[in-house]
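Data block below; observations after.
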Amino acid sequence: MTSTLPEDDDPQLGDYPRLPFVSKQTRPALGWEDFQFRRNFGEPLHEQEEVLSMWGPDVPVVEPRIALRWFSIAVMGFVTFGVFCNYAHPHIPAVRREYPFDGLAAELGGDENKARVETDSEAEE
């Protein structure tokens with residue numbers, strides 16, 4: 007999170023020092039009066055201290071391009087595993103059970119509990 011200072015300075019800052027846009031997370035952990043915020047007493051704050059402080063967004067450890075590549079490889083692995091499982095499962099070796107009398111609707115207690123209706127395969131041929 008480093009960048010160069012802008013060419014056009016903010017006129018509202020007046021004589022306040024122009025500090026570089028560097029996150030405090032990049033500073034070493036020891037050697038500060040305030041270890042939690044990694045700053046010394048009297049040190050001027052950056053105008054965007056909320057973003058650059060220890061509580062701001064994390065500085066990426068891995069370059070975003072490499073992280074995207076790793077994420078893509080992981081997603082492709084899961085998708086490949088899912089497709090493999092889809093094609094590797096055994097098919098049903100028998101015909102599903104069918105019931106006579108309109109799928110035993112009256113015997114099972116109504117239409118919402120109706121089983122699969124028996125079809126006469128000889129009549130259809």
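For the sequence shown, the numbering used here assigns the number 7 to the initial residue and increments by one for each residue that follows.
We treat Cβ as the ideally placed atom computed from N, Cα and C, and that holds for glycine.
On a predicted model such as this, the values are computed, not experimentally measured, just so you know.
query = Rounded to a whole number of angstroms, what is the C-alpha to C-alpha distance between P23 and L36?
reply = Cα to Cα, P23 sits roughly 25 Å from L36.
query = Can you list, in chain order, the residues of its chain whose CB lies under 8 Å from that of E56, leaving out five sequence neighbours each side?
reply = Taken in chain order, the residues that qualify are G62.
query = Per DSSP, what kind of secondary structure is Y22 in: helix, strand or coil?
reply = For Y22, the three-state secondary structure derived from DSSP is coil.
Cβ neighbour criterion (16 or more within 10 Å) applied to R75 = When all chains shown are included, R75 counts as exposed.
ask   = Considering only residues of the same chain and omitting the five flanking positions on each side of P50, which have a CB-CB separation below 6 Å?
value = Exclusion of the five residues before and after P50 leaves P23 as the residues of its chain whose Cβ lies within less than 6 Å of its Cβ.
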